[in-house]
Each structure stands twice: as C-alpha cells, then as structure tokens.
Amino acid sequence: MTTPPSSAGAQTASEAPSRFRLRLTVRDLGTLIGLVVICAVFAMLSDVFLTERNLVNILQQSSINSCVAIGMTMVIISGGIDLSVGPVAACAAVLAASLLVSGFPVLLSICAGLAVGAICGAFNGVLIAYAGLQPFIVTLGTLSIFRALALIYTGGNPILGVPTEFRRLFASEIWIFPVPVVVVAVLVVVGSVLLARTPLGEYIFAVGGNEEAARISGVPIARTKIAAYAMSGFLAALAAIILVARLGAAEPTLGNLWELEAIAASAIGGASLMGGKGSIVGTILGAIVLGAMRNGLTLLNVQAFYQLLATGVIIILAMLIDRLTRGRE
Amino acid sequence: MKVKFVKSAIMGVSLASLLALAAHADALKPLNSDTEPDRIDWSQLDAKFGPLPKAEGKLKVGAVAKALNNEYWRSLGQGYANEAKAAGVTVDLQAGQGEADQLGQLAIAENMITKGYNILLVSPQTDANLTPAVEAAEKAGVPVVNVNDAVIPGAKNYVGNVQKDNGVRAARWFIKNRPAGGKVAVVEGMAGVYAAVQRTAGFKETLAKEGPGFTVVASVPGNWDRQLSYDVATNIIQKNPDIVGFYANNDGMALGIVEAVKAAGKLKDIAVIGTDGISDAYKSIKDGELIATVDSFPVLTGEVALETALRLKAGQKLPRVVATPQALVTKDNVDRYTGDEAKVRKNLMEDAAAK
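Listed in order, the protein sequences are those of chains A and B.
Heads up, my numbering is the position in the first sequence plus 24, with the first residue counted as 1.
Heads up, my numbering is the position in the second sequence plus 338, with the first residue counted as 1.
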C-alpha cells in the first residue's frame, strides 16, 4: 500500500467537519422530506395519526432506538460497527435494576449502569484498536459474551420490583414531551456539537474517512476508536435505563435486535457504512421514520408481516435515493 | 448533558412526590397465574355468571398477539374471531414481528390504545415488555386481559391454562406407560420465560415425587427452536444411548427431537412428548412418531379470552384468573380433540365435569 503524502492527510483531518456540515445539511433535508411525505400519507389515511397524543407517542417510541442510534452513528462514522449494543444494554439494565431493588440510591444505580455500558463499549474499542481485530467480528463476539453475562448474572429471570420513585423519573413530562424524548433532544444537540465542533468529532471523521491519512497527520487513532465505542456503549446503557424505567423491570433478554434497528436508522439518515459520513440529525430523522412507519401501519391495522416488508422497502428506497442524489463516490 | 440529566432528575423526583399524593395505592400483588387463589375454570363461567350479556353498541376489540409466525398464536386469533362473530363485535389482531420483538410489540399495543379500542387482549412477549401499555390502557379506562403465556405481574385479569400442569401430564404419561423407569431429558423453552420454567418444573417435580424409577439426565434450553432442539437431542442421545424419553416445552421443539430420534434409528425406544397441540404435532401423532402432546386448545382459549373481556366490559366482577383447558393427546384419543370446534368444546366440557 502506498503512503499518501502527509499534506493530504492533514487536509482530510481539518476539512472533514466543514465539508460534512455543508453536504449533510442537504442530505438531512432529504430525510426530513421523506419523513414529511410518509406522515402526510398516513395523515390522509388515518384520522388519529396527526393528533398531538399520537405524534408524541411516535417520538416516545422512537426515543430508545434514537438513543442507541446516536452512538451507533458515531461508531459508523469512525468506520466501524457495533453489533453488541443490545447485550450491552441488557448488562447495564440488570445491574442498575438489581442495585435499585436492593435499595441503592437512584442516581448511584443509574451511574453504575451507565458506567457498565461505557466500560463494555471501551472493551470493544480496545480489542479493535489495539488488537487490530475487525469491528464486525469483535462486536459479534461480545454480542454473545455480554448477553451471556446478563443471563448468568440473573439466572435468566427478570428483575422485578424497580422502585416507583425511579420509574416516575422517566414517566413524567416536560411540557407535553415525555422525559425520554427530552433526553434524546439534548443528546442530539450534544452529539451534533461534539461531531462538528470538537477535536474528537474531527478525529472520528478523519479516522473513518481515511485512517492511513489520519494516522500520518497525527490523529490518535486508537483513542478515537475507543472513545467512539465507549460512547456507543454509554448510550446503549442510557437507552436501557430509560426502558427499565418504562417497563418497571429489567430482563436479561432486553435489547434484542437493537443493533439492526439502530443501523437502519443511521443508514436512512445518511451514514455510510464505509465510514467518514453521517449525521446525528439525520440518524434521529431516520429513527423517527421507522417509528412513524410502525405507528401508521398499526393504526391502519396492517398485519405484522407486511409491516416488516414495508420497513425493508423504506430502507432500500432511502439508500437508492441516496445513491442517485449523491452520485457514486 | 450531566447537568441537564441531574436537573431532569430533580424535576422528576419533585413531580413524583406530587403525583404520589394523587396516585392511588397499588395493592394488587404480583400475579402468579398458576397459583393465584382467585380463579375460576372456564367451564364454570356460564353457571356462575349467567349467559354472556349482550354487548352494548358496536364494541371494537384490539388484540396483540406474540407473533404470527407460530401457529399457536394464529389459532388464538382464530378463537378471537370466532367469539367476535358470535357476540357481534369486531376484533383487530396485531402482533410483533417475531417472538423477540419486545419494543415493537409495545409500540403496537400503545398505538392500538391511541386508536381507541374498547377492549384490549394482550399476549406479551415477556413478563414486562407491555407494562407501559397496560398502564396507559387502564388510565384510559380500557379493560385489559392478559392471555397466555407470559404473565404481567400487575395484570388484573388473566386467561390461560395452568402452565405447570403441562409438565405434570407429560410426566404422568411416562410413569404410567414406562413402568420400568429410565433416563429422560427435558428440552426447555427460552430461559426465564414463565411458561418454560413452570412446564419444566411440573415435569421434574412430578417425576421426583411419583416416578422413583426415572432420572432426568439433561434439561437444556431449546429456545422454542426446532433446529436447535434437533441438535440438542442428537447430543443427548449420543451421550445416553439408553434414554427412554424426551419432554419438550413446545411442539416445534418436540418435532425437532422426533427428527433426531428418527435419525438415530430409535423411534421405537424413545418416546417424545410435546406441548401446545399444533397441527404438525397432530399429524405426527397420527403417523405414530410423536407419542403425545399436551394440547392447550388455543382456539378455545381465544374464545374464552374474548368472552371474559366482554363480561368484564359488561361490568361483571370475575375472578382474576380464568383457567382454560388442556389435555394429553395420544394416538388413542386424538379424534376426541380434533375436527369440529363445537364437538371439541363439548368434549372438553365433559372432561371438566368429570374432574
């Protein structure tokens, strides 16, 4: 492999964020238009779709996936993939819930759960960055390992009896919006700023865009990757804690197939699995597209098999439009 | 974000203390559908509460099944449809996209409440995944009936069979028909699922108590999966060539085991018993391959579930659990439990009376 001149590497690293913002605003607008079209169709077919309660419902239902997908987007932009988000969430959920049930303070239990998520994520990152293993394989392995840990820890049984004090934390509303929706809104702002305005964001784009060039221009590759996976684990844990609060129980089987939903949201939102491309706003819109689809199709009483079909078609359609508007690169 | 988080935490706690004043005490104890004392057998409903009251106006019933890729849940839906037709109400059936689509099923249940159904029949994927929807429905004054087999701890009404009994019946077959005893194995459903835990426990406890000649050499998860159960059974047979029987927590797994037994050429020596009574299982029983299944009559269960919901909607105070029937079906009595729905219902009514 030939080594690119170092000036090109420096260019990639410094220019990536501004280029990304310019281009992806248009891409995000595309996702937004798609969402509006989907909503318009459902609004015509069902008279409850556009009610305030239903729209809030869609946001609430999309909030778990949104939370996971924000972390997933960071990892995808860095050129990786995180298949272990569901089991990481399960580990965080069962730990936080067991602390809560044994009477530990709410804040401490939440922090412990989040810490477990970040540590699991960082573990993925270390294996990928230092051992040089492929992200797909590493997280496929940890997908089993973390799921097993959650099952072993609980003996396969759900942890019931989470205190209502903790449940109400996330069951309350701020104006008309449930707390989980507000949490996700804050995450969108923080995540977007982090990607566009901080060195870490710059590094993530650089590593995913051209790792060799980034290395030459002095980007700390290993630490950047570990940070991306740790954030993904942290956000999966946060999603888990929100879900435990909503369900009032933590199950070791929690988080099944979250990785696929999160990857779908990222992809619809314009993240490229080749790395170097993606946006938080786009991902959130992608998650809401998926949530709105599920909601609208249920309101129209469309049977499960056709809902699955529709979801698949939307993903492929989004990718085709993406390819046509963006051109082959 | 931390600051915001702490802020919302403080806000939540202060809001919560306000709410605590308004909220009513939740005195309902967590449901254990097998042992709940407040119960009634399905066959007693008419006798104790009279014929089903006529539904007022046009009632819309929403049903959320586990997943439609398992015949059991489609049959349950058929039962809903039958009863709806008889009672003059409409029923819409929705389901998760697979038996592990927990959040998807929750979203579906919530969306159905938004749409404004008068009654909700739910078969949750896990004990907890539909909790928010059930709470929302109760807040909206919509009666919710938990139908087989995961048990929502806070469920006010449950319709389903006694899960433990499935295992008990299978064990008694072995005790009666294999008096010499021997090695047996259990292939369990998904780890931690109520139905799987209870069925397995019923089987093991009964053998331990009533069948001293038997040893359970393995009890391993087959995750409701036919292929996995085939592999598991193959390994168990290899290790214990003298094994005399298998009990599987559902029919799909039992049929996988039957294939493994056939492949090992031991169909004559190893008896396999399943649970559920799906049509493939019946076919296999008639062909003399599967020895028996513990049928829990999903169509009838669906009918009883909707009947229960309609009675609740009409204001009747029913016991918390309505128990639905089950029977061990073998080649000898298969005709009694198949074919015309009305005939099966009559036979089951007779079984209940004979108890």
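C-beta atoms are modelled at their ideal positions from N, C-alpha and C, and glycine is treated no differently.
Residue i - DSSP class collapsed to helix/strand/coil
{"i": "Asp346 of chain A", "result": "helix"}
{"i": "His362 of chain B", "result": "Model confidence at His362 of chain B stands at a pLDDT of 40, short of 50, so the residue's coordinates are unreliable; what they give is reported in the following sentence. If DSSP states are grouped into helix, strand and coil, His362 of chain B belongs with coil."}
{"i": "Pro283 of chain B", "result": "Residue 283 of chain B falls outside the range modelled here, since chain B spans only 339 to 693, and no answer is possible."}
{"i": "Pro491 of chain B", "result": "coil"}
{"i": "Pro636 of chain B", "result": "helix"}
{"i": "Asp563 of chain B", "result": "coil"}
{"i": "Tyr177 of chain A", "result": "helix"}
{"i": "Ala37 of chain A", "result": "The predicted model places Ala37 of chain A with a pLDDT of 43, which falls under 50 and marks its position as unreliable, so this point remains unresolved."}
{"i": "Ala438 of chain B", "result": "coil"}
{"i": "Ser557 of chain B", "result": "strand"}
{"i": "Glu285 of chain A", "result": "helix"}
{"i": "Gly395 of chain B", "result": "coil"}
{"i": "Leu333 of chain A", "result": "helix"}
{"i": "Ala72 of chain A", "result": "Here the sequence assigns Val to residue 72 of chain A, which means Ala is not the residue at that position. Correct three-state label for Val72 of chain A: coil."}
{"i": "Pro204 of chain A", "result": "helix"}
{"i": "Phe147 of chain A", "result": "helix"}
{"i": "Ile340 of chain A", "result": "helix"}
{"i": "Ile304 of chain A", "result": "helix"}
{"i": "Ile250 of chain A", "result": "helix"}
{"i": "Gly310 of chain A", "result": "helix"}
{"i": "Thr662 of chain B", "result": "coil"}
{"i": "Ile629 of chain B", "result": "coil"}
First through last residue of the beta strand (DSSP E) which encompasses residue i
{"i": "Ala680 of chain B", "result": "No beta strand (DSSP E) contains Ala680 of chain B, which is instead part of the alpha helix (DSSP H) from 679 to 692."}
{"i": "Tyr585 of chain B", "result": "583 to 586"}
{"i": "Gln432 of chain B", "result": "428 to 434"}
{"i": "Tyr496 of chain B", "result": "496 to 498"}
{"i": "Gly300 of chain A", "result": "That residue, Gly300 of chain A, is in no beta strand (DSSP E); it is neither H nor E in DSSP."}
Cβ-Cβ distance between residue i and residue j below 8 Å
{"i": "Met591 of chain B", "j": "Asp625 of chain B", "result": "no"}
{"i": "Ala586 of chain B", "j": "Ser557 of chain B", "result": "no"}
{"i": "Ser108 of chain A", "j": "Thr166 of chain A", "result": "yes"}
{"i": "Gly530 of chain B", "j": "Pro182 of chain A", "result": "yes"}
{"i": "Leu695 of chain B", "j": "Tyr410 of chain B", "result": "Past the boundaries of the shown model lies residue 695 of chain B; chain B is included only from 339 to 693, so the question cannot be answered."}
{"i": "Leu444 of chain B", "j": "Ala647 of chain B", "result": "no"}
{"i": "Gln440 of chain B", "j": "Gln331 of chain A", "result": "no"}
{"i": "Phe552 of chain B", "j": "Ala571 of chain B", "result": "no"}
{"i": "Ala269 of chain A", "j": "Leu193 of chain A", "result": "yes"}
{"i": "Phe512 of chain B", "j": "Gly549 of chain B", "result": "yes"}
Contacting residues, own chain, Cβ-Cβ under 6 Å from residue i (five flanking each side not counted)
{"i": "Ala114 of chain A", "result": "Ala174, Pro276, Leu278, Gly279"}
{"i": "Leu211 of chain A", "result": "Ile94"}
{"i": "Ser86 of chain A", "result": "Ala311, Ile312, Gly315"}
{"i": "Met255 of chain A", "result": "Gly95, Met98"}
{"i": "Asn456 of chain B", "result": "Leu397, Lys398"}
{"i": "Gly293 of chain A", "result": "Thr55, Gly306, Thr307, Leu309, Gly310"}
{"i": "Leu218 of chain A", "result": "Gly225"}
{"i": "Gly560 of chain B", "result": "Val525, Leu566, Ser567, Val570, Met591"}
{"i": "Lys577 of chain B", "result": "none"}
Span of the alpha helix (DSSP H), counted from its first residue to its last, around residue i
{"i": "Tyr675 of chain B", "result": "Unbroken run through Tyr675 of chain B: none, as it is neither H nor E."}
{"i": "Arg77 of chain A", "result": "76 to 101"}
{"i": "Asn484 of chain B", "result": "Counting along the chain, Asn484 of chain B falls outside any alpha helix (DSSP H), though it belongs to the beta strand (DSSP E) covering 482 to 485."}
{"i": "Glu226 of chain A", "result": "223 to 233"}
{"i": "Glu374 of chain B", "result": "That residue, Glu374 of chain B, is in no alpha helix (DSSP H); it is neither H nor E in DSSP."}
{"i": "Val186 of chain A", "result": "That residue, Val186 of chain A, is in no alpha helix (DSSP H); it is neither H nor E in DSSP."}
Cβ neighbours of residue i in the same chain (closer than 8 Å, five flanking residues each side left out)
{"i": "Pro187 of chain A", "result": "Leu124, Val125, Val130"}
{"i": "Ser168 of chain A", "result": "Pro111"}
{"i": "Asn420 of chain B", "result": "Val637, Gly640, Glu641, Glu679"}
{"i": "Met317 of chain A", "result": "Ile62, Gln331, Ala334, Thr335, Ile338"}
Same chain, Cβ closer than 7 Å to residue i, neighbours up to 5 away in sequence not counted
{"i": "Ser102 of chain A", "result": "Ile228, Val231, Gly232, Thr248, Lys249, Ala252, Gly299"}
{"i": "Tyr532 of chain B", "result": "Asp465, Asp487, Ala488, Val489, Gln501"}
{"i": "Arg683 of chain B", "result": "Leu638"}
{"i": "Ala371 of chain A", "result": "The structure shown does not extend to residue 371 of chain A, since chain A is modelled only from 25 to 353, so the question has no answer here."}
{"i": "Gly426 of chain B", "result": "Ala393"}
{"i": "Ala598 of chain B", "result": "Tyr568, Ala571, Thr572, Ile575"}
{"i": "Leu59 of chain A", "result": "Leu309, Ile312, Val313, Ala316"}
Exercise. Return the residues of the segment 442 to 465 of chain B that lie within a Cβ-Cβ distance of less than 8 Å from chain A, sorted by chain order.
Key: Gly442, Leu444, Ala445, Ile446, Glu448, Asn449, Met450, Thr452, Lys453, Gly454, Thr464, Asp465
Quiz item: Of all the residues that make up the segment 516 to 544 of chain B, which are near chain A by a beta-carbon distance shorter than 7 Å?
Solution: Ala529, Gly530
Quiz prompt | Proximal residues, the segment 314 to 333 of chain A versus chain B, C-beta separation under 8 Å | solution = Gly315, Arg318, Asn319, Thr322, Leu323, Asn325, Gln327, Ala328, Phe329, Gln331, Leu332
Exercise. For the segment 415 to 435 of chain B, enumerate the residues whose C-beta is nearer than 9 Å to any C-beta of chain A, in chain order.
Key: Asp430, Leu431, Gln432, Ala433, Gly434, Gln435
Quiz item: Between the segment 63 to 75 of chain A and chain B, which residues of the former have CB atoms less than 7 Å from a CB of the latter, in chain order?
Solution: Val72
Self-check item: Short-range partners of chain B found in the segment 84 to 111 of chain A, where Cβ spacing is below 7 Å
Solution: Gln85, Ile88
Practice problem: Quick one: which residues of the segment 258 to 277 of chain A get their C-beta closer than 7 Å to a C-beta of chain B? List them in chain order. | Solution: Arg270, Leu271, Gly272, Ala273, Glu275, Pro276, Thr277
Quiz item: Taking any Cβ of chain A, which residues in the segment 491 to 503 of chain B have a Cβ under 7 Å from it, in chain order?
Solution: Pro491
Quiz item: Given a limit of 7 Å on CB to CB distance, which residues of the segment 169 to 189 of chain A reach chain B?
Solution: Leu175, Gly180, Asn181, Pro182, Leu184, Glu189
Quiz item: Name the residues in the segment 467 to 492 of chain B whose C-beta lies less than 7 Å from a C-beta of chain A; which are they?
Solution: Asn467, Thr469, Pro470, Pro491
Exercise. Give the residues from the segment 547 to 570 of chain B that approach chain A closer than 8 Å (Cβ to any Cβ), ordered along the chain.
Key: none
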